[in-house]
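With the working numbering applied, the sequence shown corresponds to residues 9 to 137, in that order.
All residues carry an ideal CB built from backbone N, CA and C; glycine is no exception.
Only a predicted model underlies this, so the values are computations on that prediction, with no experimental measurement involved.
Below: the structure, in structure tokens.
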Amino acid sequence: MPSLETDVTTGDPEKSNLRAPDVSFVRAERLKRTQRDFVELVPDLTVEVKSKSDRIKPLDEKIRLFLKLGFTVGILIDPDKLLVTVYRRNLEPVVLRSNDKLTLPELLPGWELAIASGTGEANRRTLAT
């Protein structure tokens, strides 16, 4: 499966305007066969994974910015608290906890991922899969 490095420009030349999501996804039907250079499109999905040094507020703001720029869905994974927050344009974020299921019907119909319960390395791997 081909991969792309994704940088997102906010279009504000006065500020440092390049942002890179931890993970992004573009549906295959939206990709055009182009030259091997910069592709001008907005990904469908962004995923941010909170590291030990990250704070939630800047990650939340980054995802909200990506949604304003045209992303369809944003996901924030907090492995320390075993929480997954799902952002969709024009909707309030939804927080998923252990034993909930993450679904993305607008992007991946029929796909689901169980959110891990408890603590421990095996559960952290399940959450991040």
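Asked, Found
"Complete beta strand (DSSP E) runs within the segment 78–108 (minimum length 3 residues, chain order)", "81–86, 91–96, 102–104"
"Three-state class that DSSP yields for Glu114 in the structure shown", "coil"
"Thr134 in three-state terms, based on DSSP", "Since pLDDT at Thr134 reaches only 49, below the 50 mark, its modelled position is unreliable, and the value read off the structure follows with that caveat. Here Thr134 sits in helix by DSSP."
"Candidates Leu77, Leu75, Val94, Lys76, of which the one nearest Leu84 by Cα", "Val94"
"Short Cβ contact (8 Å threshold) for Gly3 with Val50", "The structure shown does not extend to residue 3, since the chain is modelled only from 9 through 137, so no value can be given for it."
"Buried or exposed by the 16-neighbour rule on C-beta atoms within 10 Å, applied to Ala124", "buried"
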